[in-house]
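Asks:
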Amino acid sequence: MAQVTLRAPLSELCGGRSHEIEGATVSDVLAALEHAHPSIAGWVLDEQGRIREHVNVFVNGTHGVAETQVGPDDRVQVLPAITGG
Amino acid sequence: MTELLVGTKKGLFRLEGDAGNGGFEVTARAFAGQSVEYAMRDPRSGRYLASVTSWFYGPKIWVTDDPAGEWQQAEGIALPEGEEQALERIWVIVPGETDGVLYAGGAPGPLFESRDGGVTWELNRPLWEHPTRSDWSPGAGGLCLHTIAPWPGDPQKLLVAISAVGVWLSDDGGETWRHSNTGIVPEYVPEDARDNPIQHCVHDVRRAPGRPERLFMQFHGGVYRSDDAGATWIDVGEGLPSDFGFPVVVDPADPDSAYVIPLIGAEDRTTPGGTVQVWETRDAGTSWTARGEGLPARDAYLTVLRESFDSHGEGDGLELYFGATSGEVFGSADAGESWTQVADHLPPVYSVRTA
Chain A
1 MAQVTLRAPL
11 SELCGGRSHE
21 IEGATVSDVL
31 AALEHAHPSI
41 AGWVLDEQGR
51 IREHVNVFVN
61 GTHGVAETQV
71 GPDDRVQVLP
81 AITGG
Chain B
1001 MTELLVGTKK
1011 GLFRLEGDAG
1021 NGGFEVTARA
1031 FAGQSVEYAM
1041 RDPRSGRYLA
1051 SVTSWFYGPK
1061 IWVTDDPAGE
1071 WQQAEGIALP
1081 EGEEQALERI
1091 WVIVPGETDG
1101 VLYAGGAPGP
1111 LFESRDGGVT
1121 WELNRPLWEH
1131 PTRSDWSPGA
1141 GGLCLHTIAP
1151 WPGDPQKLLV
1161 AISAVGVWLS
1171 DDGGETWRHS
1181 NTGIVPEYVP
1191 EDARDNPIQH
1201 CVHDVRRAPG
1211 RPERLFMQFH
1221 GGVYRSDDAG
1231 ATWIDVGEGL
1241 PSDFGFPVVV
1251 DPADPDSAYV
1261 IPLIGAEDRT
1271 TPGGTVQVWE
1281 TRDAGTSWTA
1291 RGEGLPARDA
1301 YLTVLRESFD
1311 SHGEGDGLEL
1321 YFGATSGEVF
1331 GSADAGESWT
1341 QVADHLPPVY
1351 SVRTA
């Protein structure tokens, strides 16, 4: 299973920073994370299942998109983008 | 003591004080760094509700009994899965006429209803799935459902307004809806294209509580009044320095009263001539009087957004408060005769509601 790392406030909503989640793609992993922790429903993925515009996902340190493949030992980091105003 | 809930670009601020004595102070701040589009206190339960749009994590409604304490995320604030659009923001939250019922409006045009005081919400499907929806067009602020006006004492009657679509009425608690823009002239479209009944950029509507069939509207160009529950509208903007503005407020004790804050329209959207004035009518829009004593009189180019003006009390005790995107909040304890600045340096103000 992939190792998913979160930061606050997502880590607080999910009860910790690190989570073992199964999924073949970034989209699958995030959907499974949401399924395991319904408290983040709507936070990372919108109601249409799309990654929110200002959330970044990295797989093994490389910026990923919804379709990026995720292997069983991969590291998936979910971070807020460096945006705002 | 009056409580002001000020939604800003950088969080929610609760101010408490007395406009008559000029002293307000910030007594709570929540959602630091996040956009709080709207916050209100339900007078029936005392509960606070805030609509917050995180730059990262999307729009949510939060509820609490103590704005300085913990907030609980409400459930159900989302559009139906399997569609193209996602919820963009919540513009307004309004108590209904049935105990525990609240309504929330947002972009791109949804109306939500809660029956448990704001903890859980459900989309109003009849309006969301209205056959005309594919023809709805957004205004500059998006396709926003920003006005919800229940009928005092009758939970079946509702008025909502959407920019740039117009007014919608329901007589069956939201089961069916009909648009109602007769008399409103959208001068921003060519004359021979004005027969489209749903292209109306309504900015705000307030109902006169003591005469519910009486409504005042600030339109994109014009101030209108309805005496027949929104069935028809007449232009009452003559005498104002500009036909553009965002919010409108009424004195609950006087159905002939309305207050607007004219701005130069449509691209400028600042106070005309660098002078900040609230304009009042007490004869249902036949005449208007400027109320500016104590407000900035020169070199003041403020923008006051549609949810940033509210009242507290009524009649001789009517208090008025408005905030600007430049961070000031002004208040009057004498129905607009005189004003003081009750906050100087807040982040850009998106909404002001009294409690």
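Sequences listed follow chains A and B, in order. For the first sequence, position 20 (counting from the first letter as 1) is numbered 20 according to the working numbering, and the numbering increases by one without interruption. Each number in the working numbering comes from the position in the second sequence (counting from 1) with 1000 added on. No residue lacks a Cβ here, since even glycine has one placed at the ideal position from N, Cα and C.
1) Assuming B/Val-1248 and B/Phe-1216 are in contact, meaning their beta carbons sit under 8 Å apart, how far apart are those beta carbons, in whole angstroms?
2) Quick one: grab the DSSP three-state call for B/His-1146.
3) Output yes if chain B places a C-beta closer than 8 Å to the C-beta of A/Asp-46; else output no.
4) Within 8 Å of any Cβ in chain B, is that where the Cβ of A/Pro-72 sits?
5) Nearest by alpha-carbon distance to B/Glu-1337: which of B/Val-1278, B/Asn-1196, B/Arg-1306 is it?
6) So, at 6 Å on beta carbons, what are the nonlocal neighbours of B/Ser-1257 in its own chain, with the 5 sequence-adjacent residues on each side left out?
7) Could you tell me the alpha carbon to alpha carbon distance between B/Phe-1219 and B/Arg-1225, rounded to whole angstroms?
8) Note down, in chain order, all residues in the region 1007 to 1032 of chain B with a beta-carbon under 7 Å from any beta-carbon belonging to chain E.
9) Going along the chain, which residues of its own chain have a beta-carbon closer than 7 Å to the beta-carbon of B/Gly-1313, five neighbours each way excluded?
10) B/Glu-1016 and B/Tyr-1350: beta carbons closer than 8 Å?
11) Does DSSP classify B/Arg-1207 as helix, strand or coil?
12) Are the C-beta atoms of B/Leu-1127 and some chain A residue less than 8 Å apart?
13) On the DSSP letters alone, give me the boundaries of the beta strand (DSSP E) that B/Trp-1128 sits inside.
14) Once DSSP output is grouped into helix, strand and coil, what is the label at A/Ile-40?
15) From B/Gly-1210, B/Arg-1047, B/Val-1160, B/Tyr-1057, pick the residue whose C-alpha is nearest to that of B/Ser-1180; which is it?
16) In the DSSP assignment, what are the bridge partners of B/Trp-1168?
17) Whether or not the region 63 to 80 of chain A and the region 13 to 26 of chain A are in contact is what I'm after, with contact meaning three or more pairs of Cβ atoms, one per stretch, closer than 8 Å; do they touch?
18) Look up B/Gln-1341 in the DSSP assignment and give the residues it is bridged to.
19) Which residues of chain A have a Cβ atom closer than 8 Å to the Cβ of B/Leu-1102, listed in chain order?
20) Could you give the first and the last residue of the continuous beta strand (DSSP E) run that contains B/Glu-1003?
21) Name the chain B residues that come within less than 8 Å of A/Val-55, Cβ to Cβ?
22) Does DSSP put A/His-19 in a helix, in a strand, or in coil?
23) Do A/Pro-38 and B/Phe-1056 count as a contact pair if the criterion is CB distance below 8 Å?
24) Less than 8 Å between the C-beta atoms of B/Val-1092 and B/Ala-1104, yes or no?
25) So, B/Ala-1333 versus B/Ala-1107, is the Cβ gap smaller than 8 Å?
26) DSSP has B/Phe-1322 in a bridge; who is on the other side?
27) Going by DSSP, what residues sit across from B/Asp-1235 in a beta bridge?
28) Any beta carbon from chain A within less than 8 Å of B/Glu-1293's own beta carbon?
29) Out of B/Phe-1309, B/Tyr-1259, B/Lys-1060, state which residue places its alpha-carbon closest to the alpha-carbon of B/Thr-1286.
30) Between which two residues does the beta strand (DSSP E) harbouring B/Leu-1215 extend?
31) Residues of chain A with CB under 8 Å from B/Ala-1086, in chain order?
32) What residues of chain A sit near B/Leu-1079, judged by a beta carbon separation below 7 Å?
33) So what does DSSP say about A/Val-29, is it helix, strand or coil?
34) Mind pulling the chain A residues with CB within less than 9 Å of B/His-1083?
35) Going residue by residue through the region 1230 to 1290 of chain B, where are the continuous beta strand (DSSP E) segments of at least 3 residues, counting only ones entirely within it?
36) How many angstroms separate the CA atom of A/Asp-46 from the CA atom of B/Ala-1253?
Replies: With the structure as the only source:
1) Translated into positions along the second sequence, residue 1248 of chain B becomes position 248. Translated into positions along the second sequence, residue 1216 of chain B becomes position 216. B/Val-1248 to B/Phe-1216, Cβ: 5 Å. Contact.
2) For the purposes of this step, residue 1146 of chain B is taken as residue 146 along the second sequence, with counting starting at 1. Looking at B/His-1146 - three-state DSSP - the assignment turns out to be strand.
3) Taking the first residue of the first sequence as position 1, residue 46 of chain A is located at position 46. So, interface residue.
4) By 1-based counting over the first sequence, the position of residue 72 of chain A is 72. No, because no Cβ of chain B sits closer than 8 Å to the Cβ of A/Pro-72.
5) The residue given as residue 1337 of chain B occupies position 337 in the second sequence. Ranking the options by Cα distance to B/Glu-1337, first place goes to B/Val-1278.
6) Position 257 of the second sequence holds residue 1257 of chain B. Excluding residues within five positions, the ones whose Cβ falls inside 6 Å are Val-1250, Asp-1251, Arg-1282.
7) Locating residue 1219 of chain B in the second sequence gives position 219, where the first residue counts as 1. Locating residue 1225 of chain B in the second sequence gives position 225, where the first residue counts as 1. Roughly 10 Å between the two C-alpha positions.
8) Here chain E cannot be found, since the structure's protein chains are A and B.
9) Position 313 of the second sequence holds residue 1313 of chain B. Around B/Gly-1313: Glu-1319.
10) Here residue 1016 of chain B refers to the residue found at position 16 of the second sequence. Here residue 1350 of chain B refers to the residue found at position 350 of the second sequence. Not closer than 8 Å, so no.
11) Sequence index remark: in the second sequence, residue 1207 of chain B carries index 207 (1-based). Here B/Arg-1207 sits in strand by DSSP.
12) The residue labelled residue 1127 of chain B in the question sits at position 127 within the second sequence. Not one chain A Cβ lies under 8 Å of B/Leu-1127.
13) Within the second sequence, numbered from 1, the residue matching residue 1128 of chain B stands at position 128. Per DSSP, B/Trp-1128 belongs to no beta strand (DSSP E); it is in the alpha helix (DSSP H), 1125 to 1128.
14) Residue mapping note: residue 40 of chain A aligns to position 40 of the first sequence, counting from 1. The answer is helix: DSSP assigns A/Ile-40 an H, G or I state.
15) If you number the second sequence from 1, residue 1180 of chain B lands on position 180. Comparing Cα positions, the closest option is B/Val-1160.
16) The sequence position of residue 1168 of chain B within the second sequence is 168, counting from 1. BP columns for B/Trp-1168 point to B/Val-1160, B/His-1179.
17) yes
18) Position 341 of the second sequence, counting from 1, holds the residue named residue 1341 of chain B. Paired residues: B/Phe-1330.
19) Position 102 of the second sequence, counted from the start, is the residue given in the question as residue 1102 of chain B. Residues of chain A passing the Cβ test: none, with the nearest at roughly 19 Å.
20) The residue you call residue 1003 of chain B lines up with position 3 of the second sequence. Segment 1002 to 1008, the beta strand (DSSP E) holding B/Glu-1003.
21) Here the question's residue 55 of chain A lines up with position 55 in the first sequence. Going along chain B in sequence order, the residues near A/Val-55 (Cβ under 8 Å) are Phe-1056, Tyr-1057.
22) Numbered from its first residue, the first sequence carries residue 19 of chain A at position 19. A/His-19: strand per DSSP, three-state reduction.
23) Stepping through the second sequence from its first residue, residue 1056 of chain B is reached at position 56. Stepping through the first sequence from its first residue, residue 38 of chain A is reached at position 38. No, these two residues do not count as a Cβ contact at 8 Å.
24) As a working note, residue 1092 of chain B is residue 92 in the second sequence. As a working note, residue 1104 of chain B is residue 104 in the second sequence. Yes, Cβ-Cβ distance for B/Val-1092 and B/Ala-1104 is below 8 Å.
25) Counting from one through the second sequence, the residue named residue 1333 of chain B turns up at place 333. Counting from one through the second sequence, the residue named residue 1107 of chain B turns up at place 107. Their beta carbons are not under 8 Å apart, which means B/Ala-1333 does not touch B/Ala-1107 by this criterion.
26) Within the second sequence, numbered from 1, the residue matching residue 1322 of chain B stands at position 322. Bridge partners of B/Phe-1322: B/Phe-1309, B/Phe-1330.
27) Stepping through the second sequence from its first residue, residue 1235 of chain B is reached at position 235. For B/Asp-1235, which the question treats as bridged, DSSP gives the partners B/Tyr-1224.
28) Walking along the second sequence from the start, residue 1293 of chain B turns up at place 293. So no, B/Glu-1293 is outside the interface.
29) Counting from one through the second sequence, the residue named residue 1286 of chain B turns up at place 286. Ranking B/Phe-1309, B/Tyr-1259, B/Lys-1060 by Cα distance to B/Thr-1286 puts B/Tyr-1259 first.
30) For the purposes of this step, residue 1215 of chain B is identified with residue 215 of the second sequence, where counting begins at 1. 1215 to 1219 is the extent of the beta strand (DSSP E) around B/Leu-1215.
31) To locate residue 1086 of chain B, count along the second sequence from 1; it is residue 86. Here the neighbours are Asp-46, Glu-47, Gln-48, Arg-50.
32) The sequence position of residue 1079 of chain B within the second sequence is 79, counting from 1. Chain A residues near B/Leu-1079: Glu-47.
33) Taking the first residue of the first sequence as 1, we reach residue 29 of chain A at position 29. In the structure shown, A/Val-29 sits in a helix (DSSP, three-state: H, G or I).
34) The sequence position of residue 1083 of chain B within the second sequence is 83, counting from 1. It should be pointed out that residue 1083 of chain B corresponds to Glu in this sequence rather than to His. Within chain A, the residues near B/Glu-1083 are Glu-47, Gln-48.
35) 1244 to 1249, 1258 to 1263, 1278 to 1281
36) As a working mapping, residue 46 of chain A is identified with position 46 in the first sequence. As a working mapping, residue 1253 of chain B is identified with position 253 in the second sequence. Between A/Asp-46 and B/Ala-1253, the C-alpha separation is close to 44 Å.
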